[in-house]
Amino acid sequence: MGAVAAMTSSHRLPLSKLDIRSVREASQRLDKSGGRTFVGVPHNGREHTTIEFSSYLTGWDSMSGVPELDAAVQAVMGGEVQANAPNAITDVSGGLTVTMSAPHGLSVGQAIAIGSEIRFVDSVLDDHTVVVNCPMPAGTGGGTGVGRCVTYRLGSHLKSLTIYDYWDPSTAIQRCAAGVSVDQLVVSVNGDFHEMVFSGEGSGYYDSASELPSSSGLQEFPSEPVGEWATGELIPGSIGRAWIGTGGEACSNVLVGKLAMNNHIDYRRREFGGLRGGCVRAGIRDVRLDLRIRAENSDEARSLFSASRLQQPVPVMFQLGESSGRMCAMYLPQVVMEVPVFDDSGPSLEWIIRQARAQGVYNDELIVAFG
């Protein structure tokens, strides 16, 4: 914990904000010094590193590559990463049951891309047939292609990151946070651009102006990797789709949405004899959803309101983007919502749903996929 990981130019992140802070704890001295002068505190107290970074969703090579946020999403999710092979549909039954020409190799929860939309597998009937979470897009049938998706699952144990912060010129102070465990993920829907915000703590803070400790595993601060890197095309925050409830049809009345996941990490920095955190321990996962939707007189709205009154879980899915190589989907199979608050302060009635919590059986409250 705290050793610096190797890097290449392919590990660059499209960040919009990066905040790395080295925080040293200082206790207040209460001994009687005989005067009013502050005489200082010990300089070798406990120290920890906080980090928060925001990153835009950008286009990627969906045929063979991985998203630019691959390492960050793996760190906050902690589970298995799956990628399906391209396939072709031979039949669609009832809008949900999909039969493919070749063995699909899919598992429950895995994502597939169908044109400009993503679907998740709810059940596997045989090696050619699956049932998906939402009805297939209009016009899907025999001959429709099944595109590749990279699916990120939740896990019991989290992975760590090393984050480098390089500046020009090369003689400027460069920084590095090692052993970063990502505690929180926040994704907002319907903003200027689709963006993910990650935050957590690291066990090591290093820079190019200071002596590197042996725990870093470095003899000298590494130079910035040289390589071609182009700024990816951003995805406008208004582009995407949402499915809320069991109606099956995409919702057109979502005004604002926010998904927040908290791993409740204990960074183990309070133990006697330790100046920095050692191993980390993740607690009970907390996945919450905030929504503001325009009230509608529809069967889907009545069903959603009834489910909230009865505290029955409903599925929720957000898809950010709508073209191959520029899509990200978040699927919450079971979300329990509080009764919506009616907001009549505007020109039309709006429902506000706060802190709806996702639940599951075992590491299945949230699935994230890029397609």
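Counting with the numbering used here, you get residues -12 to 358 for the letters of the sequence shown. Backbone N, C-alpha and C define an ideal beta-carbon position, used for all residues, glycine too.
Span separating the alpha-carbon of residue i from that of residue j
i, j, result
"Val267", "Asp253", "6 Å"
"Arg33", "Ala269", "21 Å"
"Met317", "Trp230", "10 Å"
"Glu207", "Ile7", "20 Å"
"Gly187", "Leu353", "19 Å"
"Asn250", "Gln97", "22 Å"
"Pro200", "Asp155", "25 Å"
"Ser51", "Ser310", "16 Å"
"Tyr204", "His115", "It is Gly, not Tyr, that sits at residue 204 in the sequence shown. Each residue's Cα considered, the two are about 49 Å apart."
"Ser359", "Ser197", "This structure cannot settle anything about residue 359, because the visible part of the chain is limited to -12 through 358."
"Phe107", "Gly333", "36 Å"
"Gly244", "Leu276", "7 Å"
"Gly22", "Arg16", "13 Å"
"Arg135", "Asp351", "21 Å"
"Ser9", "Val63", "21 Å"
"Ala237", "Ser285", "13 Å"
"Gly312", "Gln306", "13 Å"
"Gly232", "Glu287", "7 Å"
"Phe259", "Asp113", "55 Å"
"Val355", "Arg228", "15 Å"
"Arg99", "Ala159", "Per the sequence shown, residue 99 should be read as Ile rather than Arg. If you take the alpha carbons of Ile99 and Ala159, they lie about 45 Å apart."
"Thr131", "Ala345", "33 Å"
Contact set for residue i: own chain, Cβ-Cβ below 8 Å, skip 5 residues either direction
i, result
"Ser(-3)", "Gly214"
"Ser110", "Val95, Val117 and Val118"
"Thr149", "Val(-9), Ala(-8), Met(-6), Cys163, Ala164, Ala165, Gly166 and Val167"
"Leu242", "Asn177, Arg279, Ile280, Arg281 and Glu337"
"Pro122", "Gly82, Leu83, Gly235 and Glu236"
Sequence-distant residues of the same chain with beta carbon closer than 7 Å to residue i, five excluded per side
i, result
"Ser239", "none"
"Pro327", "Phe292, Ser295, Trp338, Ile339 and Ile340"
"Pro124", "Ile101, Gly102 and Glu104"
"Asp78", "Thr86 and Gly129"
"Ser20", "Val26"
For residue i, the nearest candidate out of the options (CA to CA)
i, options, result
"Gln161", "Asp194, Val137, Thr131 and Ser190", "Asp194"
"Ala343", "Glu258, Ala247, Gly130 and Ser311", "Ala247"
"Gly360", "Ala282, Arg289, Glu220 and Asn250", "Not covered by the structure: residue 360. The range shown for the chain is -12 to 358."
"Ile409", "Ser310, Asp286 and Tyr349", "The requested residue 409 is not part of the displayed model; the chain covers only -12 to 358."
"Thr36", "Asp170, Tyr192, Gly81 and Val133", "Tyr192"
"Asp18", "Val26, Glu12 and Arg11", "Val26"
"Gly46", "Leu172, Arg279, Gly308 and Arg256", "Gly308"
"Ile126", "Ser197, Leu336 and Ser80", "According to the sequence provided, residue 126 is Gly. The question's Ile does not apply to it. Minimum Cα distance to Gly126 is reached at Ser80."
"Glu211", "Phe259, Tyr153 and Val243", "Tyr153"
"Pro29", "Ile38, Ser20, Gly22 and Ser14", "Ser14"
"Asp170", "Leu44, Leu112, Gly189 and Arg135", "Gly189"
"Cys139", "Ala196, Ala58, Gly82 and Gly204", "Note that residue 139 corresponds to Tyr in the displayed sequence, not to Cys. When each option's Cα is compared against that of Tyr139, the closest is Ala58."
"Leu5", "Ser285, His115 and Ile38", "Ile38"
"Gly347", "Leu44, Val10 and Leu141", "Leu141"
"Asp330", "Ala282, Gln306 and Phe259", "Ala282"
"Leu44", "Gly22, Gly219 and Ser143", "Gly219"
"Glu12", "Arg257, Tyr151 and Ala345", "Arg257"
"Leu297", "Met324, Gly312, Asn284 and Ser285", "Met324"
"Glu182", "Pro122, Arg255, Phe40 and Ala345", "Phe40"
"Tyr151", "Gly66, Arg228, Pro209 and Gly65", "Pro209"
"Ser143", "Gly66, Ala345 and Arg228", "Gly66"
Sequence-distant residues of the same chain with beta carbon closer than 6 Å to residue i, five excluded per side
i, result
"Gln61", "Lys146"
"Val173", "Val184 and Ala247"
"Ala89", "Asn74"
"Leu336", "Ala282"
"Pro1", "Ser42, Tyr43, Thr45, Glu55 and Gly219"
"Gly69", "Reading the sequence as shown, one finds Gln at residue 69 and not Gly. Result list for Gln69: Gln97 and Thr138, in chain order."
Expected contact under 8 Å - CB spacing of residue i and residue j to nearest Å
i, j, result
"Val274", "Pro300", "Contact flag wrong, Cβ pair sits at about 12 Å."
"Ser49", "Ser3", "At roughly 22 Å, the Cβ-Cβ gap does not stay under 8 Å, so Ser49 and Ser3 are not in contact."
"Ile76", "Thr86", "7 Å"
"Met304", "Phe357", "14 Å between Cβ atoms; not a contact."
"Gly92", "Asn71", "7 Å"
"Val53", "Val137", "6 Å"
"Leu278", "Pro302", "The pair is not a contact, with the Cβ atoms about 14 Å apart (cut-off 8 Å)."
The ligand GTP heavy atom lying under 7 Å from the CB of residue i
i, result
"Met304", "You won't find the ligand GTP in this model; it holds no ligand whatsoever."
Three or more C-beta pairs below 8 Å linking the segment 224 to 244 and the segment 165 to 179
Yes, since at least three Cβ pairs between the segment 224 to 244 and the segment 165 to 179 fall closer than 8 Å, the two stretches touch.
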